[in-house]
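Numbering (the working numbering), first residue to last: 486 to 603.
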């Protein structure tokens, strides 16, 4: 009798854990209700741009929580340029620009070389 009860409890645990494993995990850093990139009728909303001034550096754009670089496709368009406040896209209808909805650009602080007094 004890073996049957233990077996039933073990089966119940496996079934409930399988149900939880099949549901996708929610990103704890996203506010509730945020889904993948917001698009309606071809509109793209930029969440953030990480612009790298160096020629060798890679700038990235965040759209709907996903990271994109130049050359990546979003919807039917290809990202051809990333600037500090906007991205340029190209599709079958031509080129167009999508501007960030935020007006503030945050930059990293610069180091100052202060000499220590001896």
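Glycine is no exception: its CB is placed at the ideal position from the N, C-alpha and C atoms.
Item, Value
"Taking one C-beta from the region 570 to 583 and one from the region 553 to 562 each time, how about it: are there three or more such pairs within less than 8 Å?", "yes"
"Taking only the alpha-carbon atoms, compute the straight-line gap between residue 534 and residue 498 and give it to the nearest angstrom.", "45 Å"
"Hey, would you say residue 584 sits closer than 9 Å to residue 566, going by beta carbons?", "no"
"Short of 8 Å in beta carbon distance, which residues of its chain neighbour residue 552, apart from the five on each side in sequence? Order them along the chain.", "545, 546"
"Note down, in chain order, each residue of its chain lying with its Cβ closer than 7 Å to the Cβ of residue 537, except the 5 sequence neighbours on either side.", "543, 544"
"At what residues does the beta strand (DSSP E) containing residue 572 begin and finish?", "571 to 576"
"Quick one: residues in its chain with C-beta nearer than 8 Å to the C-beta of residue 582, no 5 flanking neighbours on either side, listed in chain order?", "571, 572, 573, 574"
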